[in-house]
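Before any comments, here is the structure.
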Amino acid sequence: FKGAFHGRTLATIAAAGNEKYLEGFGEPAPGFDVLPFGDHDALEKAISPATAAIMIEPVQGEGGIRPLPIQCLKGLRDLCDKHGLMLIFDEVQCGVGRTGKLFAHEWAGIAPDIMAIAKGIGGGFPVGAFMASAEAAKGMVPGTHGSTFGGNPLAMAVANAVLDEVLAPGFLDDVIRKANLFKQALASLKDEHPDMIEEVRGSGLLMGVRFKASIPSGDIVKACTAEQFLTVGAGDNVVRLMPPLNVTDAELGEAVQRLSRAVKSVAKAHGSAKTAAKA
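Residue numbers for the sequence shown follow this note's numbering, so the first one is 970 and each next one is one higher.
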């Protein structure tokens, strides 16, 4: 879907189709069609006898923290089953407890044929994983692909320790509880600044604050940095907020306070700029 981000290899930048990342790499790798976000009709029309798979992020990260509706996820599974296609989920950013489920697609009660995870599975350590159903895995037997450092003992020990924490009784329930608190606090912040904040969206502890077109998200990110609050921009003029899953309630409250101060400082700066322009 448009707005996707799947990585920085030649194939994955072609899969996402984002001009910003394609620039400088010559002709993109063939074989990928990028369609409007969540447009099921356009997707079905694009399927041909040459179509092999549908690949999406259940929650777009780089694209602006956009969760794909549950019904759309279910529809994708049905569509793939109908046409004999593989369903591939990229859960590098939204997986491993980030949404309150081990994997984001679990909210829809479906399963992909192939899935990529990373980031959260290492808890800060560089490790990723590729998973496939038994049927999909038939296409990649031992020796058909490899990785120099794949499956190294240290990375596997780290990933195992992370899973011990994430799968501990009550951990994901607490992520959901904290996510609800965080979302409510961000919604209150939006109510305080209706002239600046357009929307609060996301899933679990993967949240995005979309600002009005007149307020560049980059200005908010810089103001947050001045408040010693680490954020990062995303597409659609969104500021991305991804606290650690073991964040405390107090830390979430402090985060929203710092974001509030950043928003106020940007509002003041923009107000001063407008006054100067009128003068």
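Glycine included, every Cβ here is placed at the ideal spot set by N, Cα and C.
In chain order, what residues of the same chain have a beta carbon less than 7 Å from the beta carbon of residue i, not counting five sequence neighbours either side?
i        : result
Gly-1093 : none
Val-1317 : The chain is shown from 970 up to 1248; residue 1317 falls before or after that span and cannot be answered.
Ser-1234 : Ala-1192
Val-1207 : Gly-1033, Ile-1034, Gly-1177, Val-1178, Arg-1179, Ser-1186
Short of 6 Å in beta carbon distance, which residues of its chain neighbour residue i, apart from the five on each side in sequence? Order them along the chain.
i        : result
His-1036 : First, the residue type needs correcting, since residue 1036 is Pro and not His in the sequence shown. Counting only Cβ-Cβ distances below 6 Å, and skipping sequence neighbours, we find Val-1028, Ser-1172.
Leu-979  : Ala-998
Met-1125 : none
Lys-971  : Val-1003, Pro-1005, Phe-1006
Ala-1022 : Leu-1054, Met-1055, Ile-1057
His-975  : Thr-981, Ala-984, Ala-985, Asp-1059
Met-1100 : Met-1084
Ile-1025 : Phe-970
Leu-991  : Ile-982, Pro-997
For the beta strand (DSSP E) containing residue i, list its first residue and its last residue.
i        : result
Met-1024 : 1022-1025
Glu-1167 : 1166-1172
Val-1190 : Segment 1186-1195 is the alpha helix (DSSP H) holding Val-1190; no beta strand (DSSP E) there.
Val-945  : Nothing about residue 945 can be read from this structure; the chain reaches only from 970 to 1248.
Ala-1203 : 1201-1203
Ala-1085 : 1083-1086
Phe-1180 : 1175-1180
Leu-1056 : 1055-1059
From which residue to which residue does the alpha helix (DSSP H) around residue i run?
i        : result
Leu-1045 : 1039-1052
Val-1131 : 1122-1135
Asp-1008 : It is not in any alpha helix (DSSP H) - Asp-1008 carries neither H nor E in the DSSP assignment.
His-1140 : The sequence as given places Phe at residue 1140; His does not occur at that position. Looking at the DSSP string, the run of the alpha helix (DSSP H) that includes Phe-1140 is 1140-1161.
Asn-979  : In the sequence on display, residue 979 carries Leu and not Asn. It spans 979-985 - the alpha helix (DSSP H) in which Leu-979 sits, taken as one unbroken run.
Ala-1106 : 1103-1106
Leu-991  : 988-991
Please return the same chain residues whose Cβ sits closer than 8 Å to the Cβ of residue i, not counting the five positions on each side in sequence.
i        : result
Phe-1198 : Ala-1224, Arg-1227, Leu-1228, Ala-1231
Evaluate residue i with the Cβ neighbour count: other Cβ atoms within 10 Å of its Cβ, from every protein chain shown; 16 or more gives buried, anything less gives exposed.
i        : result
Gly-1202 : buried
Lys-989  : exposed
Pro-1081 : buried
Asn-1121 : exposed
Gly-1139 : exposed
Val-1065 : buried
His-1114 : exposed
Arg-1067 : buried
Ala-1106 : exposed
His-1052 : exposed
Gln-1062 : buried
Ala-1098 : buried
Glu-1161 : exposed
Gly-1033 : buried
Met-1176 : buried
Phe-1072 : buried
* Sufficient close CB pairs (3 or more, under 8 Å) joining the segment 1144-1154 to the segment 1206-1225 -> The segment 1144-1154 is in contact with the segment 1206-1225.
* Any chance the segment 1036-1046 sits against the segment 1176-1193, with 3 or more Cβ pairs inside 8 Å? -> no
* contact_flag[the segment 1085-1099, the segment 1127-1138] where n(CB pairs < 8 Å) is 3 or more -> yes
* Assess, as a yes-or-no matter, whether the segment 1158-1177 is touched by the segment 1017-1026 under the definition of 3 or more beta carbon pairs within less than 8 Å. => no
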